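In what follows, a single structure is set out as structure tokens and then discussed.
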Amino acid sequence: MGAAVPFAFQDNAEVARRFPDLHPAFDSNEALTEANRCLNCFDAPCAAACPTHIDVPRFIKKIGTQNLMGSALTILDANILGASCSRVCPVDVLCEGACVMLRYNKQPIAIGRLQRHAMDHFWERGAHLPKKSSRRRSQKIVCIGAGPASLACAAELAQQGFSVTVIERHALPGGLNTYGVAEYKLRPPDSLREVAMIAELGVEFRFGVSIEHQSDLAALESEYDAIFVGVGLGAMHELHIPGAHHNVNVAVYVVDALEFIARYKTSGNLTVGNNVVVVGAGNTAIDAAVAARRLGAAHVTIVYRRTESGMPAFGFEYEHAKQEGVVFEWLAEPVAIHADPASGRIVSLECARGGSNFHLSCDMLIPAIGQAPLRSLLERSRGPKYYTGGDCANGGREVVDAVADGKRAGVAIAKSFEAADA
Amino acid sequence: MPDLSTTFAGGIRCPNPFWLASAPPTNCGEQVMRAFDAGWGGAVWKTIGEPITNVSSRYSSVDWNGQRMMGLNNIELISDRPIETNLREIAEVKKCYPKHAVIASLMVESTRDAWHDIVQRSEDAGADGLELNFGCPHGMSERGMGSAVGQVPEYTEMITGWVKEKARTPVLVKLTPNITDIRQIARAAKRAGADGLSAINTINSITGIDLDTLEPRPNVDGLSSHGGYCGPAVKPIALNMVHQLQNDEASRLPISGIGGIGTWRDAAEFILLGCGTVQVCTAVMHYGYRVIEDMTDGLQNWMREKGFARIEDFRGLSAPKVTDWNHLNLNFKIVARIHEEKCIGCELCYIACWDGAHQCIHLDHAHSTPPAIEAASRARISVTPIPRLDRGVQAEAPLARVPRVDEDECVGCNLCALVCPVESCITMERVENHLPRETWEDLVNGTPHS
Numbered sequence: 000m001g002a003a004v005p006f007a008f009q010d011n012a013e014v015a016r017r018f019p020d021l022h023p024a025f026d027s028n029e030a031l032t033e034a035n036r037c038l039n040c041f042d043a044p045c046a047a048a049c050p051t052h053i054d055v056p057r058f059i060k061k062i063g064t065q066n067l068m069g070s071a072l073t074i075l076d077a078n079i080l081g082a083s084c085s086r087v088c089p090v091d092v093l094c095e096g097a098c099v100m101l102r103y104n105k106q107p108i109a110i111g112r113l114q115r116h117a118m119d120h121f122w123e124r125g126a127h128l129p130k131k132s133s134r135r136r137s138q139k140i141v142c143i144g145a146g147p148a149s150l151a152c153a154a155e156l157a158q159q160g161f162s163v164t165v166i167e168r169h170a171l172p173g174g175l176n177t178y179g180v181a182e183y184k185l186r187p188p189d190s191l192r193e194v195a196m197i198a199e200l201g202v203e204f205r206f207g208v209s210i211e212h213q214s215d216l217a218a219l220e221s222e223y224d225a226i227f228v229g230v231g232l233g234a235m236h237e238l239h240i241p242g243a244h245h246n247v248n249v250a251v252y253v254v255d256a257l258e259f260i261a262r263y264k265t266s267g268n269l270t271v272g273n274n275v276v277v278v279g280a281g282n283t284a285i286d287a288a289v290a291a292r293r294l295g296a297a298h299v300t301i302v303y304r305r306t307e308s309g310m311p312a313f314g315f316e317y318e319h320a321k322q323e324g325v326v327f328e329w330l331a332e333p334v335a336i337h338a339d340p341a342s343g344r345i346v347s348l349e350c351a352r353g354g355s356n357f358h359l360s361c362d363m364l365i366p367a368i369g370q371a372p373l374r375s376l377l378e379r380s381r382g383p384k385y386y387t388g389g390d391c392a393n394g395g396r397e398v399v400d401a402v403a404d405g406k407r408a409g410v411a412i413a414k415s416f417e418a419a420d421a
Numbered sequence: 000m001p002d003l004s005t006t007f008a009g010g011i012r013c014p015n016p017f018w019l020a021s022a023p024p025t026n027c028g029e030q031v032m033r034a035f036d037a038g039w040g041g042a043v044w045k046t047i048g049e050p051i052t053n054v055s056s057r058y059s060s061v062d063w064n065g066q067r068m069m070g071l072n073n074i075e076l077i078s079d080r081p082i083e084t085n086l087r088e089i090a091e092v093k094k095c096y097p098k099h100a101v102i103a104s105l106m107v108e109s110t111r112d113a114w115h116d117i118v119q120r121s122e123d124a125g126a127d128g129l130e131l132n133f134g135c136p137h138g139m140s141e142r143g144m145g146s147a148v149g150q151v152p153e154y155t156e157m158i159t160g161w162v163k164e165k166a167r168t169p170v171l172v173k174l175t176p177n178i179t180d181i182r183q184i185a186r187a188a189k190r191a192g193a194d195g196l197s198a199i200n201t202i203n204s205i206t207g208i209d210l211d212t213l214e215p216r217p218n219v220d221g222l223s224s225h226g227g228y229c230g231p232a233v234k235p236i237a238l239n240m241v242h243q244l245q246n247d248e249a250s251r252l253p254i255s256g257i258g259g260i261g262t263w264r265d266a267a268e269f270i271l272l273g274c275g276t277v278q279v280c281t282a283v284m285h286y287g288y289r290v291i292e293d294m295t296d297g298l299q300n301w302m303r304e305k306g307f308a309r310i311e312d313f314r315g316l317s318a319p320k321v322t323d324w325n326h327l328n329l330n331f332k333i334v335a336r337i338h339e340e341k342c343i344g345c346e347l348c349y350i351a352c353w354d355g356a357h358q359c360i361h362l363d364h365a366h367s368t369p370p371a372i373e374a375a376s377r378a379r380i381s382v383t384p385i386p387r388l389d390r391g392v393q394a395e396a397p398l399a400r401v402p403r404v405d406e407d408e409c410v411g412c413n414l415c416a417l418v419c420p421v422e423s424c425i426t427m428e429r430v431e432n433h434l435p436r437e438t439w440e441d442l443v444n445g446t447p448h449s
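One line per chain: the protein sequences are A and B, in this order.
So the first sequence is numbered by numbering that gives the first Met the number 0: it starts at 0 and just counts up by one.
So the second sequence is numbered by numbering that gives the first Met the number 0: it starts at 0 and just counts up by one.
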């Protein structure tokens with residue numbers, strides 16, 4: 000296997016059993032056949048659709064010639080998180096959605112799975128990320144947050160010879176790749192392995208450090224030549240309905256989607272109710288609902304205030320949720336949480352639809368109604384030293400968008416010091 | 000139902016023109032009988048001669064784009080079984096299948112007595128015809144047989160002559176392609192009285208080298224040897240040689256076509272160039288005798304559609320349409336048309352025309368070069384479309400990636416139509432230029448307007 004993971008993480012066999020790969024790996028012959036199906040378009044729409052502009056036909060044709068190392072390096076040159084993106088990207092609306100095969104009534108090329116094939120080879124060979132320059136640069140850069148945007152920024156700068164520090168308030172790096180992606184797409188050890196590869200470039204990581212106050216930023220400004228803010232979004236919105244707060248068991252029985260996902264993925268806490276209700280119909284809501292099913296909930300319902308056509312989740316995620324047995328209640332607005340006064344346990348969620356109310360049996364409620372932006376931090380981080388990217392800057396898109404942002408910021412930061420170093 | 004039965008080279012009758020070539024599929028009687036049950040019209044027995052010792056391994060292949068065995072190479076020799084065994088089984092097969100063609104492929108040492116003896120014994124066993132293996136390119140040639148004979152017109156003529164002194168059944172000479180001009184050998188065979196030709200035998204080849212061990216394939220204890228190449232890859236070479244033989248009066252004899260025939264379509268092409276029967280090996284080695292079902296079925300359906308009642312009705316019809324380059328009309332003008340309703344926007348025609356042809360397909364009106372177009376795409380910022388964040392963003396117009404042909408510059412080379420993955424998306428259209436037919440020969444002779 001590849002480089003040892005320096006970030007301590009205890010793999011959970013029960014989680015592995017309940018969350019096998021959604022899209023299994025190709026074997027060599029499958030990959031070769033699929034790679035050869037690629038037309039090798041000129042100025043390929045898949046590459047244009049990818050926020051990191053991975054040269055898709057180039058890496059696929061390298062699989063076709065069994066130049067797997069060249070293929071992986073082609074991917075990594077554009078996207079330092081090419082391994083996790085191959086698993087978490089919503090390829091249906093990105094590269095594969097742009098595949099010309101779709102206009103020919105044919106299956107698009109399985110770009111995501113081919114990318115994973117090349118990246119798996121890279122890991123198996125224990126390969127390392129290449130440096131882009133042998134120069135040693137004098138400037139020091141700090142990236143706030145250890146999610147995909149910061150990692151991409153840090154890697155780009157480290158590859159160009161800068162000293163880079165990443166500071167993170169959590170115990171583990173990777174951001175949502177470690178804490179928030181559905182387990183059957185990406186497991187924490189795979190996310191951490193990818194970060195370890197970036198650490199090998201010489202990037203320093205500091206964990207458990209929160210940056211909140213003006214004084215924290217001032218300290219960074221005095222120590223570093225540039226500051227990249229890649230802090231993502233803030234806490235999830237809370238449900239402001241009666242019962243959401245007075246319940247003594249709220250911490251156990253009302254848990255927001257990101258917390259619920261992080262909990263089973265990284266803390267070994269696999270607690271789930273029997274009748275789970277998820278409020279909201281975005282991609283995170285779907286991840287939480289499917290996870291609840293996989294963890295053993297008998298009934299999982301998604302409650303959404305609009306109809307099917309208004310749901311923010313991708314169509315393929317919706318289809319997946321239905322296959323996993325998740326039930327959808329459309330045009331339903333939660334109005335109150337009811338608990339058993341004696342035990343404090345939740346028993347139902349009261350919802351309004353049209354003019355009337357109905358009750359859904361519920362012993363675990365998972366709000367998934369979006370995250371608030373970290374406005375105060377972003378407003379404080381102004382000035383020539385500051386750069387930003389990822390969810391905190393784009394409003395909350397995908398990992399690949401964060402990587403693209405972070406890399407662009409890294410390139411811009413490096414360029415800004417070009418004159419100074421010349 | 001069109002009639003596939005045919006008579007070849009003055010007397011070999013068979014229910015259809017599909018024969019198994021002399022090779023592993025015709026090793027023994029049990030195999031040949033199963034092949035006839037499956038529907039094959041004839042079989043050329045695995046070459047009979049003094050038994051040899053083979054090596055292992057024996058085969059290697061060239062795969063292409065995930066497809067196995069586009070080309071197959073072998074270093075196997077002639078039959079490794081005693082002559083008596085082979086002849087006894089030929090007799091058994093003929094007894095059970097009197098209407099099928101069984102051809103004895105022969106290779107013995109180059110003496111008159113040896114050839115007289117084997118001819119006599121083969122015909123006594125009931126063979127319907129004899130095929131002289133003057134083509135085997137490996138192993139036997141080093142012993143003065145196979146292609147060592149077939150590469151020297153004098154030897155071919157001499158041995159064919161010996162065989163003809165004795166033979167009562169039709170004699171076919173199997174030609175090797177491993178020679179500068181295959182007609183030299185065909186002419187020698189014809190001079191000696193051969194009744195037909197089988198063409199082509201396998202092509203000298205080294206299929207590849209293992210890039211881990213640096214050892215060539217097929218690997219025999221770390222070494223390899225050149226072998227004989229066959230399968231789909233060799234068909235165009237075989238078709239050309241068949242045509243050369245048909246087009247040369249001194250070579251012209253009935254031909255049993257061989258080389259990459261795997262489907263009825265391949266067979267139809269060989270027959271259209273003049274072959275009377277065809278021989279198949281690689282397709283059977285790949286998939287088994289059952290491939291014959293679609294070969295006969297497909298050929299009959301096509302014949303019915305075309306109004307051909309018998310093989311002879313279409314045999315050779317395409318031969319006159321192959322001519323020398325200096326007889327081609329220089330004033331025939333076609334240009335590429337891209338049917339935009341079928342175009343899927345892969346732009347392969349664009350890059351093929353720019354890098355491999357005449358720079359007359361364009362993506363814009365400014366005639367940007369390929370590097371400029373790629374650079375513009377790389378510089379564009381793309382994001383994952385999120386409905387909540389991207390309301391009102393226009394998707395790319397469906398026609399935005401459809402290339403455009405500059406018909407004034409187009410030379411009508413076909414390349415764009417060849418690379419286009421979509422059927423009938425790029426067609427080559429005749430342009431009426433009101434010029435008379437004029438060939439290079441006309442120009443040289445000063446006699447235009449012929």
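Just so you know, even glycine gets a beta-carbon here, dropped at the ideal spot from N, CA and C.
This one's a predicted model, so the numbers in the text were calculated from it and none came from an experiment.
When the cut-off is 9 angstroms and only beta carbons count, does residue i lie next to chain A?
i: R400/B; result: yes
i: S250/B; result: no
i: E373/B; result: yes
i: S60/B; result: no
Cutting at 7 angstroms between CB atoms, please list the residues of its own chain near residue i, excluding the five before and the five after it.
i: A43/A; result: V55 and P56
i: A338/A; result: G242, N246, R344, I345 and V346
i: N432/B; result: N330 and K332
Step through the CB atoms of chain B and report whether any lies within less than 9 angstroms of the CB of residue i.
i: M363/A; result: no
i: H52/A; result: yes
i: A46/A; result: yes
i: N78/A; result: no
i: M100/A; result: yes
i: F315/A; result: no
DSSP puts residue i in a beta bridge; with which residues?
i: A335/A; result: E349/A
i: Y58/B; result: N73/B
i: Q278/B; result: W18/B and I257/B
i: N176/A; result: BP columns for N176/A are empty, so no partner.
Would you give the residue range spanned by the beta strand (DSSP E) that residue i belongs to?
i: T5/B; result: T5 to F7
i: R205/A; result: E203 to F206
i: N274/A; result: N274 to V278
i: Q114/A; result: Careful: Q114/A lies outside any beta strand (DSSP E), inside the alpha helix (DSSP H) at I110 to E123.
i: R167/B; result: Neither: R167/B is in no beta strand (DSSP E) and is coded neither H nor E.
i: I337/B; result: I333 to I337
i: C142/A; result: K139 to I143
Output needed for residue i: all residues of its chain with C-beta closer than 8 angstroms, excluding positions within five of it in sequence on either side, in chain order.
i: G192/B; result: T159, G160, K163 and V170
i: I47/B; result: I77, S78, I82, N85, L86, A103, S104, L105, M106, I117 and S121
i: V410/B; result: A356, H357 and C359
What residues in its chain sit with their C-beta under 6 angstroms from that of residue i, if we drop five residues either side in the sequence?
i: F25/A; result: R112 and H116
State the DSSP-derived secondary structure class of residue i, mapped to helix, strand or coil.
i: F227/A; result: strand
i: C359/B; result: coil
i: D215/A; result: helix
i: Q243/B; result: helix
i: R12/B; result: strand
i: I412/A; result: helix
i: F58/A; result: helix
Could you spell out where the alpha helix (DSSP H) holding residue i opens and where it closes?
i: W18/B; result: Here W18/B belongs to no alpha helix (DSSP H); instead the beta strand (DSSP E) covers F17 to L19.
i: H319/A; result: G314 to Q322
i: T73/A; result: L67 to A77
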